[in-house]
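For reference, the structure is listed below as structure tokens.
Chains as they are written, first to last, in the working numbering: chain A, 1240 to 1487; chain B, 2 to 388.
Right, dumping it as structure tokens:
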């Protein structure tokens, strides 16, 4: 089974993000970056499919030189090959999808796995874009996956419930939390990953379709006021709603 | 909740990708496998033995040992960072790994015959065998050279007599690296569980390192085959092991300090007194700043010592410096953190009191704080205060 996993490098969830002086980009000073957690589920699923069916797992990212660290992480977790589609410019989801599609188009992958979203920009567009660009089925937000021969059965999280859909390989699966429990990279594998090659591919020229105009931090939540259940506090509630919140 | 470890001086930039990945791996492991269960184990006074296999699966036994023997083939910096993250969980868990790595696998790798290495190292790496290290005796702690445990040459081997005390993992161990005098000279022996005359009763009643097994080792005419003797004579044998373990400790305790600092910062920002978070009071801010400053300095000391270890240039005195300083600031941070947490600080809901109590042991074992002071005093003056 020829498996492709698309990965991205995102700020650690515990990192405090600030907007840079241009008002359009995140200030990366002191920010820790990690392999996107949803991509970890995708990679783990890819590794399990290889363990069951044989074949090979390739991890690929569209990013600048700095993102090689997440490819080393992918190698340490067990990916056979890794590649970076290199660009040092700011780019959008369309650019990412075009480049991933170009990379995948002549390599005959049986399945393409990726996280349902990257937790940095949260565009949630890549799985659908890729399906369209490659002309193959794309199943999103998958929390359970079964593959027998070419038949794919995927359980999706939908609002308030589950949906089971089927498709044929080759296809795209975007991973939701719960799909599996990603393995820890083992120390000996981390050491071995150091000497494995990282394939470098130049990004294809493709104009982004969107431009970021402005980025801002959500305003601070105001501290709440807790009133007791007495009759006296009813009057206070009305006053507060009228004068403070100005909703009545 | 995942932690945001303090890195005030962007020291992560001093580490390589794989070193950071090792740290991240052990950090994630501690978050999901250690922190949820450690308080309960501590209260019950047991080592969570299921962790041994998980630690081995991650490659945390034999971190610096060659792959040929089942090790990870990583450097001392990786070893240090792994200890830091384990001790962010609990000093007892870190102690377990310290013993297996530095006090058991290191001497076997360094002083054992090829046969012994092939026999034991892969098993120890896979946690199929657990090791312990017997140096300290009831009457010889800071002065190990005075030990009374002794070996006599007999036909085909040695006859071992004596007793060791304060031995981490002793009762759990399949293999003990034991230091004893042979014709008045200290040398090392491998004593296997089940050898006639060898017992390892657990010591009870500890108020510190409760999630760790501490034991006595008793040798009553134990026959040790010739092949189980390590090829090293003199105190430099056990001291070389202690240098590695102390190196791991000086990194490890930063993890404990980070844990109590994080908890203090969180708590002081959410605890409201006199109408505002206590983090808004000058006296609390001073405590938090002291912790962050000392942690940052300790991080630098640890990083530099790691590089010196990896270059083979670290002196035992430099290791004493780091063990003495970093344990000291960690225990002070834990005590200050307990203050900040007020009455809540004594509860198991917060990691503070557990770390504070653990660090009392860490301050004493592997060379007490005061003995390290004298080692450094000797080094800079040329005059020994203890001999």
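Even for Gly, the Cβ is constructed at its ideal location relative to N, Cα and C. Bear in mind the structure is a predicted one, so any value in this text is a computation, not a measurement.
Straight-line gap, residue i to residue j (C-alpha atoms, nearest Å)
i	j	result
residue 1(B)	residue 177(B)	The structure shown does not extend to residue 1(B), since chain B is modelled only from 2 through 388, so no value can be given for it.
residue 151(B)	residue 144(B)	16 Å
residue 338(B)	residue 34(B)	24 Å
residue 1387(A)	residue 1297(A)	21 Å
residue 2(B)	residue 1456(A)	Reliability of the predicted coordinates at residue 2(B) is poor, the pLDDT of 42 falling under 50, and no value is obtained from them.
residue 1453(A)	residue 1364(A)	20 Å
residue 148(B)	residue 59(B)	37 Å
residue 1335(A)	residue 1397(A)	26 Å
residue 1448(A)	residue 1333(A)	6 Å
residue 1471(A)	residue 1357(A)	49 Å
residue 173(B)	residue 1354(A)	43 Å
residue 57(B)	residue 1458(A)	46 Å
residue 85(B)	residue 168(B)	22 Å
residue 287(B)	residue 333(B)	14 Å
residue 389(B)	residue 1306(A)	Because chain B here runs from 2 to 388, residue 389(B) falls outside it and cannot be looked at.
residue 104(B)	residue 1266(A)	45 Å
residue 295(B)	residue 309(B)	21 Å
Backbone secondary structure at residue i - three-state DSSP
i	result
residue 3(B)	Interpretation of residue 3(B) is limited by its pLDDT of 46, a score under 50 that renders its predicted location unreliable; no figure is taken from the coordinates.
residue 175(B)	coil
residue 1193(A)	For chain A, the structure presents residues 1240 to 1487; residue 1193(A) sits outside this window and is missing.
residue 10(B)	coil
residue 159(B)	strand
residue 1413(A)	strand
residue 1445(A)	coil
residue 1379(A)	strand
residue 214(B)	coil
residue 1327(A)	coil
residue 1256(A)	coil
residue 1405(A)	strand
residue 232(B)	strand
residue 1484(A)	coil
residue 222(B)	strand
residue 1246(A)	coil
Of the residues the options, the one placed nearest residue i, counting alpha carbons only
i	options	result
residue 1280(A)	1260(A), 1313(A), 1302(A) and 1257(A)	1313(A)
residue 45(B)	186(B), 114(B) and 213(B)	213(B)
residue 1440(A)	1327(A), 1370(A) and 1379(A)	1327(A)
residue 170(B)	200(B), 129(B) and 216(B)	216(B)
residue 379(B)	92(B), 363(B), 337(B) and 317(B)	317(B)
residue 370(B)	41(B), 325(B), 352(B) and 291(B)	325(B)
residue 7(B)	264(B), 211(B) and 377(B)	264(B)
residue 1(B)	387(B), 347(B), 41(B) and 15(B)	It is not possible to answer for residue 1(B), since the shown part of chain B is limited to 2 through 388.
residue 72(B)	102(B), 203(B) and 258(B)	102(B)
residue 1271(A)	1453(A), 1449(A), 1308(A) and 1415(A)	1308(A)
residue 1275(A)	1265(A), 1287(A) and 1244(A)	1244(A)
residue 1319(A)	1336(A), 1342(A), 1339(A) and 1242(A)	1242(A)
residue 1498(A)	1375(A), 1321(A) and 1418(A)	This structure gives no information on residue 1498(A), because the portion of chain A shown stretches from 1240 to 1487.
residue 345(B)	276(B), 231(B) and 261(B)	261(B)
residue 256(B)	348(B), 63(B), 104(B) and 299(B)	299(B)
residue 1303(A)	1317(A), 1330(A), 1377(A) and 1433(A)	1330(A)
residue 230(B)	270(B), 183(B) and 236(B)	183(B)
residue 351(B)	207(B), 267(B), 10(B) and 331(B)	267(B)
residue 330(B)	236(B), 64(B) and 293(B)	293(B)
residue 1421(A)	1282(A), 1261(A), 1251(A) and 1253(A)	1282(A)
residue 1253(A)	1359(A), 1486(A) and 1463(A)	1359(A)
CB contact flag (residue i, residue j, <8 Å)
i	j	result
residue 179(B)	residue 218(B)	yes
residue 1430(A)	residue 20(B)	no
residue 336(B)	residue 357(B)	yes
residue 253(B)	residue 364(B)	no
residue 1415(A)	residue 1390(A)	no
residue 1324(A)	residue 1342(A)	yes
residue 192(B)	residue 160(B)	no
residue 1392(A)	residue 1418(A)	no
residue 1373(A)	residue 1285(A)	no
residue 163(B)	residue 220(B)	yes
residue 238(B)	residue 320(B)	no
residue 387(B)	residue 375(B)	yes
residue 32(B)	residue 1423(A)	no
residue 99(B)	residue 210(B)	no
residue 225(B)	residue 112(B)	no
Cβ-heavy atom distance, residue i to the ligand MN, below 7 Å
i	result
residue 22(B)	For the structure depicted, the ligand MN is absent and the ligand set is empty, with no information on it obtainable.
Would you be able to state if there are at least three C-beta pairs under 8 Å between the region 134-151 of chain B and the region 232-250 of chain B? yes
Check whether the region 112-124 of chain B and the region 247-258 of chain B touch, using three or more Cβ-Cβ pairs below 8 Å as the test. no
Tell me whether the region 76-85 of chain B and the region 291-310 of chain B touch, counting them as touching only if at least three CB pairs, one residue from each stretch, are closer than 8 Å. yes
Could you check whether the region 1289-1303 of chain A touches the region 1389-1405 of chain A, counting it as contact only if at least three pairs of C-beta atoms, one from each stretch, sit closer than 8 Å? no
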